[in-house]
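> Residue 3 is where the sequence shown starts when you use the working numbering, and the numbers rise one by one after that.
Glycine residues also receive a C-beta, built at the ideal position from the N, C-alpha and C atoms.
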Amino acid sequence: MKDQSKTKQLLIQELVSLRQRIAGMEQSESEWKKEKEELKNSEARFRNYFALPLHGIAITSPEKGWIEVNDRICFIMGYSRDEIVRMTWSEMTHPDDLAADMEQFNRILSGKIENYNMDKRFIRKDGTVVWTNLSVGCVRKSDGSVDHIIALVDDITDRKRMESIMQARLHLLEFANSHAMDELLTAALDEIEALTGSTIGFYHFVESDQKTLSLQNWSTNTIKNMCAAEGKGSHYDVDQAGVWVDCVHERRPVIHNDYASLPHRKGMPEGHAPVIREIVVPIFRSNQIKAIIGVGNKSTNYDDSDIEIVSQLGDLSWDIAERKRAEEVLRINEGRYRKAEAMGHVGNWEYNLQTTKFWGSGEAKRIYGFDPETLDLSTDEVENCIPERERVHQALIDLIQAGKPYNLEFDIHPKNSLKPRIISSVAELKRDEHGKPLLVTGVIQDITERKRAEAEITGMNRALRMLSATNQALIHVADEPTLLTEVCRIIVEVGGYLMAWVGFAEQDEAKTVRPVAHAGFGSGYVESAEVTWADNERGRGPGGTAIRTGQPCIARNILLDPAFAPWREAAIERGYKSNIALPLINEGRTLGELAIYSVETEAFDTEEVEVLKEMADDLAFGITVLRTRVKRDQTVVALHESEERYRLIAENTADTIAVFDLNFKTTYVSPSMLKLRGYTVQEAMTQTLNQILTPDSLLQASKMLADQMALEFSGTADPARTTLIELEEYCKDGSTIWVELSASFLRDGNFKPTGILTVTRNITERKQAEEALRNSESRMRTLVQTIPDLIWLKDPAGVYLSCNTIFERLFGTSEAAIVGKTDYDFVDRELADAFRENDRKAISAGKPTSNEEWITFADDGHRVLLETIKTPMYDVQGILIGVLGIGHDITDRKQASERIRRVLGATVQAMAVTVEARDPYTAGHQRRVADLARAIATEMNLPLDIIEGLRMAASIHDLGKISVPAEILSKPTKLTDIEFMLIKTHSQSDYDILKDIDFPWPLAQIVYQHHERMNGSGYPRNLKGDEIIIEARIMAVADTVEAMASHRPYRAGLGIESALEEIAKNKGILYDDAVVDACLRLFREKGYQLS
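#1: For R267, which of helix, strand or coil comes out of DSSP?
#2: Round the Cβ separation of A499 and I492 to the nearest angstrom and send it over; I've been treating them as touching at under 8 Å.
#3: Hey, could you find the ends of the beta strand (DSSP E) E280 is sitting in?
#4: Just tell me which of L867, A847 and E854 has its CA closest to the CA of P874.
#5: Could you check the C-alpha separation between T608 and G552 for me, to the nearest Å?
#6: Cβ-heavy atom distance between D382 and the ligand FAD below 6 Å?
#7: Looking at the unbroken beta strand (DSSP E) that takes in P874, where does it start and where does it end?
#8: Do Y261 and V282 count as a contact pair if the criterion is CB distance below 7 Å?
#9: Once the 5 residues before and after I765 are set aside, which same chain residues still bring their CB inside 8 Å of it?
#10: Identify, in the order they occur along the chain, each residue of the same chain with its Cβ nearer than 7 Å to the Cβ of A622, setting aside the five sequence neighbours on each side.
#11: Suppose the cutoff is 7 Å on Cβ atoms and the five residues either side in sequence are ignored; what does the same chain contact list for E209 look like?
#12: Which residue or residues does DSSP assign as beta-bridge partners of N796?
#13: Check each candidate in S112, Q447, L946 and I402 and name the one with the smallest Cα separation from G362.
#14: G444 to E392, Cα distance in whole Å?
#15: Since G316 sits in a beta bridge, which residues does DSSP pair it with?
#16: Measure how close the beta-carbons of A1106 and N581 come, nearest whole angstrom, since I'm counting them as under 8 Å.
#17: Kindly indicate which residue of F828, D413 and D841 has the alpha-carbon position closest to the one of A799.
#18: Are the CB atoms of S166 and D192 within a distance shorter than 7 Å?
#19: What residues in its chain sit with their C-beta under 7 Å from that of D149, if we drop five residues either side in the sequence?
#20: Look at the Cβ atom of V1, then the Cβ atom of E1044, and state whether they are nearer than 7 Å.
#21: In the DSSP assignment, what are the bridge partners of M954?
#22: Measuring straight from C-alpha to C-alpha, what distance separates E869 and I1065?
#23: Do P483 and W503 come within 7 Å of each other at the CB atom, strictly closer than that value?
#24: Going by DSSP, what residues sit across from C140 in a beta bridge?
#25: So who's on the other strand from V208, going by DSSP bridges?
#26: With the cut-off set at 7 Å, would you say F412 and V384 are in Cβ contact?
#27: Evaluate L111 with the Cβ neighbour count: other Cβ atoms within 10 Å of its Cβ, from every protein chain shown; 16 or more gives buried, anything less gives exposed.
#28: Is it the case that the Cβ atoms of I194 and V87 are separated by a distance below 7 Å?
#29: Given this structure, state the Cα-to-Cα distance separating L1005 from G951, to the nearest angstrom.
#30: Output the distance between the C-alpha atoms of V1039 and K1069, rounded to the nearest integer angstrom.
#31: Quick one: grab the DSSP three-state call for V442.
#32: Considering only the alpha carbon of each residue, which of N1024, S1048 and R467 lies closest to E616?
#33: Near D830, what residues of its chain come up, given a Cβ to Cβ distance below 7 Å and the 5 sequence neighbours on each side ignored?
#34: State the Cα-Cα distance for the pair H864 and G814, rounded to the nearest angstrom.
#35: Please go through the same chain and pick out, in chain order, the residues whose beta-carbon is closer than 6 Å to the beta-carbon of W257, but skip the five residues on each side of it.
#36: Tell me which residue opens and which closes the alpha helix (DSSP H) that W91 is part of.
Below, the structure written as structure tokens:
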């Protein structure tokens, strides 16, 4: 291939050189005569090359047009010369190769390269694809631009096909290593489809009689896109099949390129895509057709090259498939052998007397717990699994030395399991031709399950006998305690268990399981067990768990089960090894548990548990039946008593009971009729409805009865329904009374109406009360409408339910327009939010709350201050039904109050001036304390009213010093104890002066308490904590800070920092925590200063 490519490169260079020389000569007319002969020689030589049939040669333009082509080019492309020169090579190039070709072509035009070589595809005139090897060179003009292109084109389609076939074969060989035969056949069809350009592919096996074939596989594309027909694995007779088996008849590959014209074609199965053309190739082995492979619907006609592709890949896939089938048969046979061993738990073994090694089949090794892939085992490895190794070893010696039969059953402990197994082992001795022992061959079988089954059968028979005896007891025993004791005895004596007891689940707080019967070996155990069914330590054992979950619970090994810890010691002492607790359930209700104890571990297998469950269910049913029988007897007695009681009630009740048939004839009337209407029973029995009811009530009753009968006939009515109606009835004295009549149908066993039962109650007084209530409501409504206050009622969601006339003026509309709406429908959101918040406060408080609200009347725009009282309203059951609001105009009162407040302020100011006149220091001190106290209260977010009262009190808090001599107040030296005692009386004097003055704030108490301290060390009353009102606690801090920071007659000021350190040090001791924190924030964070 390299030599051929090199030769082509030399040839293209030669052609380019010739054309270059010719072009150069043509361009230089001055040298024409001189070079004429050489031109003819070059042209002739070029024409000789051009005519060579071995290579396609073409001259093309820089615009990709064909200028001149030789015959080989025409043959390769399938076009005539005239057709080709009217086309460009780019439009004939396969789309997938055009970009790569154009890249190289553009590099020639740009002068980057002079030639290139590549493999590319052209599309022939008939639509088929031809692979070519292309060698390209250029002839340039004197200015370096390309004049024309020379191309050598060789058809390499066959080579490419062989390469593709080889790649496909390699892919299939690799694919076969990791995939099943079925997947391989599909992959082979997919490869053949790809190489032939087909869209349908199928693979059939031909039977050895050459008369029948079976469909094995479709290609992937066929199943996915072309064919929905079923039939994989279907068999076909060759004689009855269509044209696709012509290859079998003719024993050669067959091509049908015009499928529709074939006279012997047959229809396709439903869902099969239409076939346009096809090729079917037989696969031969030993002169027999083994398979046929077909592909179809190539876009162009099939030819021999397609046969070669199908044959090569078909032969390979068949060989691989045969190998796969042989491997599968071998695998299946080996698997069957291993499965037979495993199913029978039978293994083969050999003991080599020369090497002392054991060999075992896979199942033999598996039985002993070894890896089946392990090679030979040593004697010790095998015998270490046998607890009775001495007995087994001796039996082997007896076989070898004395020829005794070797046929044993013994336990083993497999290497990989803690559970013992039982095996049966049979062996015989093999000798050489001289009689010398060579090896022992044997068979072992795991008979654990067989032994277990035998034990289970024995246990099942015993359990069934126990179940039968229990059922007999259920039939014959008439009382519950005897039944429970008898069942426990049967479990122990017939069932062979060690002990059994029954406990009932109590509904007490501890959820106790109360023992009620037991039998067997268990003295003292049941009495001391203290089992519960609570979710605690003594309730998580089998008994408590069974009651809680409603499912049997088993302790298979009492020694190891952690849940059995509370009872383990007592159980081991009595020989209990395992325990099952079965819930006693009937009709969804758990009555208790049945506990059974066995002397064996792992005693309760699945079948045994099912029998015991059935027995427990029978016992629970028996308990229920006995209890039901007792209840039934009690019910019969109670029924008789009830009938007598109801008769007495009917005869003596104040209500009148009557029964009518469906024709409204009275069949029973209770004696209370005499009291109700003045008629005797005999008189009432003869009355008709129009003699009983007034005309209006008769119409009302008739309609009610008609409606009920219509409802009855509809079949949708509740048979237990009762209808209430209020009617007016005649009395014997000519008067009328109002009654409430309750009516219901009497029914037979099929729920069909047989009569009407009525209960009549005199409600005349209630009707009169209702009338009185209506009159009272009317009067109340009139009162509410005429009262000058605003009155309204809202539901809990703030929706208006009613309002009075004055309230209508507030919103400027009628009550009808207000009801059903909220405040948000009439006022701005901010005011509506405020109204809603006040509603919530009243509801939250659960009692009336009041607040003041400025509102503007919508009818005339006048503005008033309302004192609003909002009260939560509840029904008789205590359920909130709404909020009642009453708004009273307090504008005038408020203005008068403000005038009084100003007068009081002036009075307080006059008091302060009086103090200042005697002690100038006190004047500045009171003013500064008042300002600081106000600032602290504001920082604590106290209400404005409290802040104002605090300011007033602080401005006169030393008013009581008016009773202290002025020389003591201004003394420049330290006060004596007596003088200080006089000073301390000023708080009491403050109180005495102010206590009888009617201030709107508690001024007297504030000044009285401002020297009290949180720990009770203050004066004059040693109050502590919450006993001191908040205003006095604030003033205490403000008074201390100002006093320490300011000058006194007897000392200089200590400074604000000393004052702040004092209150911080004694926070929570002398001074209130919150007050101190607020004060410190003012000075240290917000820059407050005393002034």
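According to the data block:
#1: In the structure shown, R267 sits in coil (DSSP, three-state: anything other than H, G, I, E or B).
#2: Reading the sequence as shown, one finds Tyr at residue 499 and not Ala. No, Y499 and I492 are not in contact; Cβ-Cβ is about 10 Å, not under 8 Å.
#3: From DSSP, the beta strand (DSSP E) with E280 extends over E280 to R287.
#4: The shortest CA-to-CA distance from P874 to any of L867, A847 and E854 is the one to A847.
#5: Near 17 Å, if we compare the C-alpha coordinates of G552 and T608.
#6: This structure simply doesn't include the ligand FAD, nor any ligand for that matter.
#7: Looking at the DSSP string, the run of the beta strand (DSSP E) that includes P874 is R865 to Y876.
#8: Cβ distance not < 7 Å, so V282 and Y261 don't count as in contact.
#9: Once the five neighbours on either side are set aside, the close Cβ partners of I765 are E728, W740, V741 and E742.
#10: Within the same chain, Cβ atoms closer than 7 Å to the Cβ of A622 are found at L586, I587, N588 and L593, the five residues on either side in sequence being excluded.
#11: So the qualifying residues of the chain are L215.
#12: According to the sequence shown, residue 796 is Lys rather than Asn. The partner list for K796 (beta bridge, DSSP) reads Y802 and V885.
#13: Taking each of S112, Q447, L946 and I402 in turn and checking the Cα distance to G362, the smallest one comes out for Q447.
#14: Distance between the alpha carbons of G444 and E392 is about 18 Å.
#15: For G316, DSSP assigns no beta-bridge partner whatsoever.
#16: Any property of residue 1106 remains undetermined from this structure, which presents the chain solely from 3 to 1093.
#17: Out of F828, D413 and D841, the CA that lies nearest to the CA of A799 is found in D841.
#18: Not in contact: D192 and S166 (Cβ atoms no closer than 7 Å).
#19: Here the set comprises A25, V141, R142 and K143.
#20: Here the chain covers residues 3 to 1093 and nothing more, so residue 1 does not appear.
#21: For M954, no pairing in a beta bridge is given by DSSP.
#22: Their Cα atoms are separated by approximately 41 Å.
#23: Contact: no.
#24: In the DSSP output, where bridge partners are listed per residue, C140 has I151.
#25: As a beta-bridge residue in DSSP terms, V208 pairs with L215.
#26: No. Outside cutoff.
#27: So L111 ends up on the exposed side.
#28: At the C-beta level, I194 and V87 stay beyond 7 Å of one another.
#29: C-alpha separation (whole angstroms): 7 Å.
#30: When rounded, the distance between both Cα atoms is 10 Å.
#31: V442: strand per DSSP, three-state reduction.
#32: Nearest C-alpha to E616: R467.
#33: Around D830: no qualifying Cβ.
#34: Near 12 Å, if we compare the C-alpha coordinates of G814 and H864.
#35: It should be noted that the sequence gives Ile, not Trp, for residue 257. These residues qualify, in order along the chain: I281 and Y304.
#36: Here the alpha helix (DSSP H) through W91 covers W91 to M94.
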